[in-house]
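Since the structure comes first, as structure tokens, the remarks are kept for the end.
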Amino acid sequence: MSVEHSKVLTLPEEWQGNWIDTKSNEWVVGFFKPFAIYQSDFWDYVSVQIVGQTADEKPVNAVVTLAKDGRSVRFSMKQDKKGRLVLQPSSGKTMTCIKAGTQYPMYPKKDKAFFTEPTFRVDTATIIGYFHHWNAIPDRFAASIKGNPFTVAVHNLVTGNQDKHMGDIDSLGRFKVRFPLLNAQELYVDWGRLTSQAVMEPGDTLFLCADLLDFIPREEDGSMFGYRLRPKQVLFMGENARLNNELERYKLTKWSASIRTLGFNTANTNQRESDSAFLSVKKKEYELRVAVLDSFLTTYPTASTKFVRFCRNWEDWNVVRDLMQHRFSHFGTGDLRLDPAFLAYVREKMPVMEPWMLTLFREYYTFTRDWVEYHNSVDGNRGINVTIDSLVAHLKRTGVYEGELVLLGDSIISLAKMINEADTSLQQSMYEANKDKFDRFYGHPVVKVGIEYLFEDATDAGDKGDSLLTCLPARALWWAHRYFEKLDQHHLPFSSRQLQRMREKVVYPDLVAQLEQISAFYANVKNKGMTYEASLKNTEHLKEYTDAKALFDTLIAPYRGKVIYLDFWGTWCGPCKENMKLVKPLKEKLEGRNDIVFMYLANRSPEEDWKSVIAEMDLTGENVVHYRLPENQQAMIERLFNVSKFPTYLLINKEGVVMDTDAKSPREGIETFKQISSMILYGTPTPPEGASF
365 MSVEHSKVLT LPEEWQGNWI DTKSNEWVVG FFKPFAIYQS DFWDYVSVQI
415 VGQTADEKPV NAVVTLAKDG RSVRFSMKQD KKGRLVLQPS SGKTMTCIKA
465 GTQYPMYPKK DKAFFTEPTF RVDTATIIGY FHHWNAIPDR FAASIKGNPF
515 TVAVHNLVTG NQDKHMGDID SLGRFKVRFP LLNAQELYVD WGRLTSQAVM
565 EPGDTLFLCA DLLDFIPREE DGSMFGYRLR PKQVLFMGEN ARLNNELERY
615 KLTKWSASIR TLGFNTANTN QRESDSAFLS VKKKEYELRV AVLDSFLTTY
665 PTASTKFVRF CRNWEDWNVV RDLMQHRFSH FGTGDLRLDP AFLAYVREKM
715 PVMEPWMLTL FREYYTFTRD WVEYHNSVDG NRGINVTIDS LVAHLKRTGV
765 YEGELVLLGD SIISLAKMIN EADTSLQQSM YEANKDKFDR FYGHPVVKVG
815 IEYLFEDATD AGDKGDSLLT CLPARALWWA HRYFEKLDQH HLPFSSRQLQ
865 RMREKVVYPD LVAQLEQISA FYANVKNKGM TYEASLKNTE HLKEYTDAKA
915 LFDTLIAPYR GKVIYLDFWG TWCGPCKENM KLVKPLKEKL EGRNDIVFMY
965 LANRSPEEDW KSVIAEMDLT GENVVHYRLP ENQQAMIERL FNVSKFPTYL
1015 LINKEGVVMD TDAKSPREGI ETFKQISSMI LYGTPTPPEG ASF
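Residue 365 is where the sequence shown starts when you use our numbering, and the numbers rise one by one after that.
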């Protein structure tokens, strides 16, 4: 047969796809129609030469030249009798490659490399990727498979939130996402589409390729479980590619184990499960999952050290995380203590804390919070009492006890002693007679700073984090989250004293910088002030009300003729504040209407915190009103409407009649808009059939 030469820019169909070196087991190259994938990036075809054909017109040899940013590489290739592709790059050794299928092959040699020593410094990580067959997805699946950008969720080690980083997908199915990482971290990659677990380190570039045709549901799947357990092509190239290919290979085995554990828990969900019953279930789950992992490792003895240690420690952190979540079942029982055998098992399974694992596992974060908080609740300080004597002694030590404060403070010490020594029947009246003096002293700016200092000293000293967490990085991460909680609870910037203490406790510059940035944000909010001060209503004239119905009628009377959307909330309530962030689009949909009022009743919310949250959310305006009633009056109204959870929403019609005591929340978006609109137009939260908004 004569040798023929042809020059095209597309390889034959059988040579297209992803190719894995049989010796190293690395995915080395991908050949596709519009481009090639090589060295963790996209390369353009410069030329494709097919040299010779067989009798059935299949190519014998080819020479492919690729280019990228001024660089080029040439591959000489041929296909052997087993269908493998023999590749000879212009520089490097000849490789014999197999085409990637739906399951990544197991690596033939052990890799003992481990994660880089943690530095607790932030650097950028990058995921570049390609969704093969992006434009071949049938229309009926386009919304579910192509409807969202590519997403990477990174656990924020300070806030505890999932920081989502997104990348648009171009017309060919390509994407790129860059995001900050602090040490090695577990990532949730494209959850809901790929639903992959990955691990990256700061500075890594990882290339991901997935065949989207594998993600189309098939009749033979039979169920969602069948769909999830069907192998699909997802493979990685670049730094930590081996670990991520191993995790992807193990994913189906791990999911299968999780499905098998679903029948273990047969407890009545309406009853509190005992410590021993809950422990028994979690033990069985853990033992099954570890047995599945052991079996997998028996069939794959060359698994990398990173993979083995990650998977074993993941199982350990997962079970102790689940176990310590059980502490919440004791709330409201009068006994917060877990059974000694329960705690002994937690200690047995809890891994020895090493710096590399503290940022890697999401489960570590949740477990640590619950472990320390549990011991704080059962072994920590029962209450903190700053006495007048200790307060004045502190003010003297710090050199701020001077001038008029000395006269005022000394008189308060004498008064306090006199009241304490008096007959108990007289103490209250003696205090009331001198209340102005006490208020002047405790309201003095220097005294308020001193109280804050002593209170934080006592709070920090009573926290069990320093004694329970056995290494400096663990303690630093613990305190980083504790200081974030203070910011998140009060929505106020750190004082200079708090900043100093935070820097001493948190230690690592990048963690400190994140907290300083959040504090600066709240400082800016505080300085900016309120957009519409009139939204904050004075309640001084209501202090004599002792009847809940009369008080409530007085509160809503000014808004007769308008629908009221009432929110029971508190500055201490995380879900309340998350919903408040979503009010703006709801208000925008109702813009232009003068017959709707957004009313807020704040529960147990310090005035400064209350104002800061409102300013931050920009929740003011002509149709927004905020009330911060005295605690007893707020409780009266909550009892009137059986408010047992926060947030709780009420809808009140234009005549002042409460129509719904469990109205939809801002989080429910369009449904909430429809409910409010129905109240405005039809006087009922349930729209009539055929109504449109």
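Note that CB positions come from ideal geometry on N, CA and C, so glycine has one too.
Contact set for residue i: own chain, Cβ-Cβ below 7 Å, skip 5 residues either direction
i: PHE539; result: GLY493, PHE514, GLY531, ASP532, ILE533
i: THR617; result: VAL656, PHE660
i: MET1043; result: VAL927, LEU1015, ASN1017, MET1023, PRO1049
i: PHE406; result: PHE399, ARG538
i: ARG867; result: VAL876
i: PHE478; result: THR669, LYS670
i: TYR886; result: LEU851, HIS855, LEU856, PRO857, SER976
i: LEU1003; result: Reading off the sequence shown, one finds Arg at residue 1003, where the question assumed Leu. These residues qualify, in order along the chain: ALA912.
i: LEU983; result: MET944, VAL947
Proximal residues to residue i (C-beta, below 6 Å), its chain only, five neighbours per side dropped
i: ASN632; result: Its pLDDT being 48, under 50, ASN632 is placed unreliably in this model, and the value from its coordinates should be taken loosely. Excluding residues within five positions, none has a Cβ falling inside 6 Å.
i: HIS496; result: ASP575
i: LEU954; result: ILE960
i: ASN608; result: ALA562, PHE600
i: LEU702; result: ASP639
i: SER587; result: none
i: ASN547; result: PRO482, THR723
i: HIS694; result: LEU700
Residue interval of the beta strand (DSSP E) (run including residue i)
i: HIS496; result: 486-496
i: GLN452; result: 449-453
i: ALA574; result: 569-575
i: GLY1020; result: Element bounds for GLY1020: n/a, residue is neither H nor E.
i: GLU550; result: 549-553
i: GLN380; result: Unbroken run through GLN380: none, as it is neither H nor E.
i: LYS442; result: 435-443
Where the alpha helix (DSSP H) through residue i begins and ends
i: ALA757; result: 752-761
i: GLU649; result: 639-663
i: MET866; result: 860-870
i: SER508; result: 503-510
i: LEU1004; result: 995-1004
i: ILE776; result: 768-785
i: GLN878; result: 873-892
i: GLU1053; result: Per DSSP, GLU1053 belongs to no alpha helix (DSSP H) and is neither H nor E.
i: ASP803; result: 799-806
i: ILE580; result: ILE580 -> no alpha helix (DSSP H), and no H or E assigned at all.
Own chain partners of residue i with C-beta closer than 8 Å, once the 5 adjacent residues on each side are dropped
i: CYS461; result: TRP383, ILE384, ASP385, THR386, VAL392, VAL393, ARG448, LEU449, VAL450, LEU451
i: ARG839; result: GLY829, ASP830, LEU833, LYS869
i: THR1036; result: LEU950, ALA1027, LYS1028, SER1029, PRO1030
i: TYR909; result: LEU915, THR918, GLN997
i: ARG924; result: LYS1018, GLU1019, GLY1020
Buried versus exposed, by CB contacts within 10 Å (16 or more), residue i
i: ASP639; result: buried
i: LYS446; result: exposed
i: LYS948; result: exposed
i: ASN967; result: buried
i: TYR872; result: buried
i: ALA1055; result: exposed
i: GLU378; result: exposed
i: ILE1034; result: exposed
i: GLU679; result: buried
i: GLY602; result: buried
i: VAL770; result: exposed
i: VAL372; result: Caution is warranted here: a pLDDT of 46 is assigned to VAL372, below 50, making its placement in the model unreliable, and the coordinate value is therefore given only provisionally. It counts as exposed.
i: MET963; result: buried
i: SER411; result: exposed
i: LEU375; result: buried
Residues bridged to residue i [DSSP beta-bridge criterion]
i: MET601; result: PHE571
i: ALA966; result: TRP933
i: ALA400; result: PHE395, TRP407
i: CYS461; result: ASP385, LEU449
i: THR918; result: DSSP output for THR918 lists no bridge partner at all.
i: HIS990; result: LEU900, TYR964
i: LYS1041; result: The sequence as given places Ser at residue 1041; Lys does not occur at that position. Note: SER1041 sits in no beta bridge, so no partner.
i: SER560; result: VAL553
i: GLN853; result: Note: GLN853 sits in no beta bridge, so no partner.
Chain D contact for residue i (CB, 8 Å cutoff)
i: MET894; result: In the structure shown, chain D does not exist; there is a single protein chain.
Where in the region 516-546 do unbroken runs of the beta strand (DSSP E), each at least 3 residues long, occur, reported from the N-terminal end onward? Runs found: 526-531, 538-546.
Any chance you could list the alpha helix (DSSP H) runs of at least 4 consecutive residues sitting entirely within the region 666-750, in chain order? Within the region 666-750, the complete alpha helix (DSSP H) runs of at least 4 residues fall at 669-689, 704-713, 719-722, 726-743.
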